[in-house]
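K.L.:
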């Protein structure tokens, strides 16, 4: 969790997998009696994203300023473009790129892009280690 991020599990629970990074100014919240927030392993959540009562599977990248709404599910190794709005209940298939308002599937990810999802998670582990070594 980076600076000025809010992780608010006040009325439901939040589960965050290992090597997941949630960058500056993100808002993570839940819905009373209905939608927890579940993030898998190695997820990268870009600056100022909003995650609300949704499921993000392993090794996804949520672009800066994206919004993922209640009941939405982002499949493994998917990329949600910066500024996209994933509407309530929408299911993003694995290995795909979604973009737009509302978000739509644009195409399958290329192998290089999938490899970059794994690299992003590892890069933020290194950033964390570097930062902690300076304080």
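Numbering (our numbering), first residue to last: 145 to 279. For every residue, glycine included, the Cβ atom is placed at its ideal position computed from N, Cα and C.
Cα separation between residue 189 and residue 251?
P.N.:
If you take the alpha carbons of residue 189 and residue 251, they lie about 20 Å apart.
K.L.:
What first and last residue would you give for the beta strand (DSSP E) that runs through residue 160?
P.N.:
Taken as a continuous stretch (DSSP letters only), the beta strand (DSSP E) holding residue 160 covers 158 to 160.
K.L.:
In this structure, what does DSSP give as the bridge partners for residue 196?
P.N.:
Bridge partners of residue 196: 173.
K.L.:
For residue 146, which beta-bridge partners are listed by DSSP?
P.N.:
The partner list for residue 146 (beta bridge, DSSP) is empty, contrary to what the question assumes.
K.L.:
The alpha helix (DSSP H) with residue 187 in it runs from where to where?
P.N.:
Note, residue 187: premise wrong, no alpha helix (DSSP H); not H, not E.
K.L.:
Pick from 268, 157 and 217: whose alpha carbon is nearest that of residue 238?
P.N.:
Of 268, 157 and 217, the residue nearest in Cα terms is 217.
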